[in-house]
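Peer 1:
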Amino acid sequence: MVQLITNVPQYENDIAEEIRLFLGAVEIRPDAGDDAEQMTITLDEQKLIASGTYCGAAASFEVLPDGGDPLECKRQQKRAVKRVAYALMQQVHPTEMPWGSLTGIRPTKLLRELAERYGDAEAVRQFTEVFSVSMEKLRLAATINAVQKPYLESVGPRDLDVYVGIPYCKTRCLYCSFGAEIAKGASVEDYLVPLFDDIERGGRLLKDGGWNLRAFYIGGGTPTVLDADQLDRLLSKIESVYGGYGRECTVEAGRPDTITREKLAVLKMHGIGRISVNPQTMNDETLRRIGRAHTAEAIREAFALARTVGFDAINMDLIAGLPGETEEDFARTLLEIAALRPDNLTVHTLAIKRSSRLKEQLDRYPLPSKDAVTRMIDRGFETAKSIGLWPYYMYRQKYQNGNLENVGYAGRDSICMYNIDMMEETTSILAHGANAMTKRIFDAERRVERIAAPKNVPTYTRKLPLLDEQKRNLFLS
C-alpha cells in the first residue's frame, strides 16, 4: 500500500498510474496509515516547480512553458508531476520502462503534437529526456508517424468516420472486459431494431450537418455472430441510409467459428473489402484456456475460405503473453501466421483488465515474464517484416505486461484508414450501437468530446432518442 500526499489532488490518478507502472495493482490512498510507503508530491505554481519524496528518494522538475494557453498549462503541470513520480519510483524500484513515464494510449499522437509545437529536434529531446522513452520505442513511434502522415493530411474539415457495433460474442474470453453479451438468436434479432433506428438517425445527422463519410467500420463483439440474412439486412440498411461506406469498410469477422461461406458471400456482395480473422494464438491448449470455442485448424480453414471467396485485405490479431504460453508457443503461432501471409497483422500485448475473469483469477493462470513478453513482441515485429508488413498504427493500454504496446502492421496497399483515424483522434466518429463511442474532434483546441452509448442493450434502446439529441447537439453546433 502507498500513501499519496499531494497539493494537486486533480492529478492523483495520473500519479497513481506512474506508481502502478512499478508496483502493479497496488492500493494507493491519502489515508493509508503508518505501515504504508509514503509519497509526497507538491506543485509550486508560483515557482513552476514540481517536487516530491518517496522512501528516502527526492526529485524535482521545472514545469515547461505553456505559451499562455490554459489547456497547455494544465498539460505541462500534469507532465511535471508525473515526471517527479516516475523519477521517485525509478530510484526506489529501478526497472527499465520502454515507454518511460508515458501512460497514455497514444504515444504517436503525443510525438506528433510535440513536433508540431516545438519542432522535430525538441520533440525527440522531450521524448527521451523528459519522458524517458527508450530510443527503440522513439524510433517505432517516429516510423509510424511517417507512414501515417499522408493519411492524416487527407482528412477534410467536414470528414467523419462511422462505426457500427455488434455487442455479441459466441463466448467470453478470459482476458476480455468488453461488455459483450453471449449471442442468442432472439436477442441478436431484437437488437437490430434499435440499431437500424440509430443508423437512420445517423444518416439524417450526416446530411443535416453537411458531413462527408470517410470510412466505415463494423466491429464488436463479433459482427459475424449475425446470420447471413441479418448481415444482408444490416448492410442494406447502411447502404440505403449512407449511400455507401466512404473510401473503405472493414468488418470484424473475428472468430472463425462464426465465419461461413454464405456470410462471406454476403459481405463480398455488398462491397466489403476488409475483414479480420482473429486467432489470438494458434495453440489449441491456449485457445481452450482463454475460452475460445474453436481450434487452430478452424482458423486455417476460415482464412482459406476468405481467400477463396475473394478477400484480399485480411487482418489477423495475435496476443503476446497469454496465460500459460511460452516463447516457443508464440514462436510457433508466428510461423503459422507467416505461412498464411495475412495482409494485416496486429500484435497485442496482454493487458490485465480490471473487469476480466483473468484479473479475478490471476492466481490460477501463470503469465510469461516481462522479458519473455518483450522478446515475443520483438519476434512479432521480425515476423511481420519477413512477410512484407510494416508498423502503421499503435496504441497502449493500462496494465500491459512489460509496459509495452499493441502494433498494427500492413503492406503498402492494405493500410486501414479507420484505424489511423480512430487511434490518432484526427477524425470525428459517429458511432451506432450499444457500448459504442461517438467522438467529435476539435482540432483547433486539441480537444475531443465524447458520447458513450450504454453497454446494456435494453438501456441503449430506451435512451436512443436522448443519444440522438446529444449527437445532434455535438455535430450540428
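My numbering runs 1152 ahead of the 1-based position in the sequence shown. Note that the Cβ used here is the ideal one computed from N, Cα and C, for glycine as well. Note that the structure is a prediction, hence the values are computed from the model and not measured.
Examine the Cβ distances between the stretch 1516–1533 and the stretch 1562–1574 and report whether three or more of them are shorter than 8 Å.
Peer 2: Counting Cβ pairs under 8 Å, fewer than three are found: no touch.
Peer 1: How long is the line joining the alpha carbons of arginine 1399 and proline 1302, rounded to whole angstroms?
Peer 2: Working through the sequence shown from its first residue, we reach residue 1399 at position 247. Working through the sequence shown from its first residue, we reach residue 1302 at position 150. Cα-Cα distance, rounded: 15 Å.
Peer 1: Once you ignore the five residues that flank phenylalanine 1283 on each side, which residues in its own chain have a CB closer than 6 Å to its CB?
Peer 2: In the sequence shown, counting from the first residue as 1, residue 1283 sits at position 131. Taken in chain order, the residues that qualify are Gly1252, Ser1253 and Leu1254.
Peer 1: Using the three-state DSSP reduction, which class does glutamine 1300 fall into: helix, strand or coil?
Peer 2: Here residue 1300 corresponds to residue number 148 of the sequence shown, with the count starting at 1. It is helical.
Peer 1: Name the DSSP bridge partner or partners of tyrosine 1320?
Peer 2: One-based indexing of the sequence shown puts residue 1320 at position 168. Paired residue(s): Glu1333.
Peer 1: Rank Ala1293, Asp1166 and Arg1258 by C-alpha distance to the C-alpha of tryptophan 1125 and give the top, closest one.
Peer 2: The question about residue 1125 has no answer here: the residues shown for the chain are numbered 1153 through 1629.
Peer 1: Please go through the same chain and pick out, in chain order, the residues whose beta-carbon is closer than 6 Å to the beta-carbon of tyrosine 1536, but skip the five residues on each side of it.
Peer 2: Locating residue 1536 in the sequence shown gives position 384, counting from the first residue. A small fix is needed here, since residue 1536 is alanine in this sequence, not tyrosine. The answer, listed in chain order, is Leu1497 and Tyr1561.
Peer 1: Measure the C-alpha to C-alpha separation of glutamine 1549 and glycine 1176 and round it to an integer number of angstroms.
Peer 2: Stepping through the sequence shown from its first residue, residue 1549 is reached at position 397. Stepping through the sequence shown from its first residue, residue 1176 is reached at position 24. Each residue's Cα considered, the two are about 14 Å apart.
Peer 1: In angstroms, rounded to a whole number, what distance separates the CA positions of glycine 1540 and alanine 1465?
Peer 2: In the sequence shown, counting from the first residue as 1, residue 1540 sits at position 388. In the sequence shown, counting from the first residue as 1, residue 1465 sits at position 313. Answer to the nearest angstrom: the Cα atoms are 14 Å apart.
Peer 1: According to DSSP, is asparagine 1558 part of a helix, a strand, or is it coil?
Peer 2: Translated into the one-based positions of the sequence shown, residue 1558 becomes position 406. Strand, per DSSP.
Peer 1: With a CB to CB cut of under 8 Å and the five nearest residues on each side skipped, what residues in its chain are close to aspartate 1349?
Peer 2: Translated into the one-based positions of the sequence shown, residue 1349 becomes position 197. For aspartate 1349, where only same-chain residues beyond five positions count, the Cβ hits under 8 Å are Leu1616.
Peer 1: Measure the beta-carbon distance from tyrosine 1327 to serine 1508 and round it to whole angstroms, keeping in mind my assumption that it falls under 8 Å.
Peer 2: Locating residue 1327 in the sequence shown gives position 175, where the first residue counts as 1. Locating residue 1508 in the sequence shown gives position 356, where the first residue counts as 1. So it is a contact: roughly 5 Å between Cβ atoms.
Peer 1: Output the residue ranges of the alpha helix (DSSP H) runs that lie fully inside the stretch 1331–1418 and measure 4 residues or longer, sorted by chain position.
Peer 2: Within the stretch 1331–1418, the complete alpha helix (DSSP H) runs of at least 4 residues are 1337–1361 and 1380–1394.
Peer 1: According to DSSP, simplified to helix, strand and coil, what is proline 1259?
Peer 2: Residue numbering aside, residue 1259 sits at position 107 when the sequence shown is read from its first letter. Note: proline 1259 maps to helix in three-state DSSP.
Peer 1: When you compare each of Arg1227, Gln1228, Ile1193 and Ser1388 to alanine 1211 by their alpha carbons, which one comes out closest?
Peer 2: Counted from its first residue, the sequence shown places residue 1211 at position 59. The option with the nearest alpha carbon to alanine 1211 is Ile1193.
Peer 1: Measuring alpha carbon to alpha carbon, tell me which residue in Arg1598, Arg1602, Pro1606 and Val1600 is nearest asparagine 1587.
Peer 2: Position 435 of the sequence shown, counted from the first residue, corresponds to residue 1587. For the residues Arg1598, Arg1602, Pro1606 and Val1600, the minimum Cα distance to asparagine 1587 belongs to Pro1606.
Peer 1: Name, in chain order, the residues that DSSP records as bridge partners for glutamine 1552.
Peer 2: Against the sequence shown, residue 1552 aligns to sequence position 400. Glutamine 1552 pairs with Ala1503.
Peer 1: Look at the alpha carbon of isoleucine 1257 and the alpha carbon of proline 1610, and state the distance between them as a whole number of angstroms.
Peer 2: Stepping through the sequence shown from its first residue, residue 1257 is reached at position 105. Stepping through the sequence shown from its first residue, residue 1610 is reached at position 458. In a straight line, the C-alpha of isoleucine 1257 is about 30 Å away from that of proline 1610.
Peer 1: Which residue's Cα is closest to the Cα of valine 1160: Phe1174, Leu1173, Ala1237 and Gly1220?
Peer 2: Within the sequence shown, the letter at position 8 stands for residue 1160. Comparing Cα-Cα distances from valine 1160 to each of Phe1174, Leu1173, Ala1237 and Gly1220, the minimum goes to Ala1237.
Peer 1: Rounded to whole angstroms, what's the CA-CA distance from arginine 1413 to glutamate 1164? Just pull it up for me.
Peer 2: What you label residue 1413 is simply residue 261 of the sequence shown in a count that begins at 1. What you label residue 1164 is simply residue 12 of the sequence shown in a count that begins at 1. Rounded to the nearest angstrom, the two C-alpha atoms are 52 Å apart.
Peer 1: How about threonine 1433 and threonine 1374: do their beta carbons lie closer than 7 Å?
Peer 2: By 1-based counting over the sequence shown, the position of residue 1433 is 281. By 1-based counting over the sequence shown, the position of residue 1374 is 222. No; because the gap between Cβ atoms is not below 7 Å, this pair is not in contact.
Peer 1: Where does the unbroken alpha helix (DSSP H) through tyrosine 1612 begin, and where does it stop?
Peer 2: Within the sequence shown, the letter at position 460 stands for residue 1612. First-last of the alpha helix (DSSP H) with tyrosine 1612: 1609–1614.
Peer 1: How should isoleucine 1334 be labelled, buried or exposed, when 16 other C-beta atoms within 10 angstroms of its C-beta is the threshold for buried?
Peer 2: Sequence index remark: in the sequence shown, residue 1334 carries index 182 (1-based). With fewer than 16 Cβ atoms within 10 Å of its Cβ, isoleucine 1334 is classed as exposed.
Peer 1: Compare the beta carbon distance of valine 1403 and glycine 1585 with 7 Å and say whether it is the shorter of the two.
Peer 2: Taking the first residue of the sequence shown as position 1, residue 1403 is located at position 251. Taking the first residue of the sequence shown as position 1, residue 1585 is located at position 433. Contact: no.
Peer 1: How would you label valine 1215, buried or exposed, when you count the other beta carbons within 10 angstroms and need 16 or more for buried?
Peer 2: Taking the sequence shown and counting its residues from 1, one reaches residue 1215 at position 63. When all chains shown are included, valine 1215 counts as buried.
Peer 1: With H, G and I counted as helix, E and B as strand and the rest as coil, what does DSSP make of glutamate 1179?
Peer 2: Within the sequence shown, numbered from 1, the residue matching residue 1179 stands at position 27. Reduced to three states, the DSSP call for glutamate 1179 is coil.
Peer 1: Out of Met1287, Ala1491 and Val1314, state which residue places its alpha-carbon closest to the alpha-carbon of aspartate 1573.
Peer 2: Sequence index remark: in the sequence shown, residue 1573 carries index 421 (1-based). Among Met1287, Ala1491 and Val1314, the Cα nearest to that of aspartate 1573 is on Val1314.
Peer 1: Quick one: residues in its chain with C-beta nearer than 7 Å to the C-beta of lysine 1134, no 5 flanking neighbours on either side, listed in chain order?
Peer 2: Look at the range of the chain in this structure, 1153 to 1629, and you will see that residue 1134 is not part of it.
Peer 1: Could I get the ranges of all uninterrupted alpha helix (DSSP H) runs contained in the stretch 1163–1225, with 4 residues as the minimum, in chain order?
Peer 2: 1164–1175, all fully within the stretch 1163–1225.
Peer 1: Report the partner residues of alanine 1472 according to the DSSP bridge assignment.
Peer 2: Mapped onto the sequence shown, residue 1472 falls at position 320. DSSP, once it has assigned bridges, lists Thr1501 as partnering alanine 1472.
Peer 1: Could you check whether the stretch 1338–1347 touches the stretch 1273–1292, counting it as contact only if at least three pairs of C-beta atoms, one from each stretch, sit closer than 8 Å?
Peer 2: No: fewer than three Cβ pairs fall under 8 Å.
Peer 1: Could you tell me which residues DSSP puts in a beta bridge with valine 1154?
Peer 2: Your numbering for residue 1154 matches position 2 in the sequence shown. The partner list for valine 1154 (beta bridge, DSSP) reads Ile1180 and Glu1189.
Peer 1: Are the Cβ atoms of glutamine 1155 and alanine 1188 separated by less than 7 Å?
Peer 2: Against the sequence shown, residue 1155 aligns to sequence position 3. Against the sequence shown, residue 1188 aligns to sequence position 36. Cβ atoms of glutamine 1155 and alanine 1188: closer than 7 Å.
Peer 1: Curious, which full-length beta strand (DSSP E) runs of at least 3 residues does the stretch 1419–1484 contain?
Peer 2: Entirely contained in the stretch 1419–1484, the beta strand (DSSP E) runs reaching 3 residues are, in chain order, 1426–1429 and 1466–1472.
Peer 1: Helix, strand or coil for tyrosine 1570? Go by DSSP, reduced to three states.
Peer 2: Counted from its first residue, the sequence shown places residue 1570 at position 418. Of the three classes helix, strand and coil, the one that applies to tyrosine 1570 here is helix, per DSSP.
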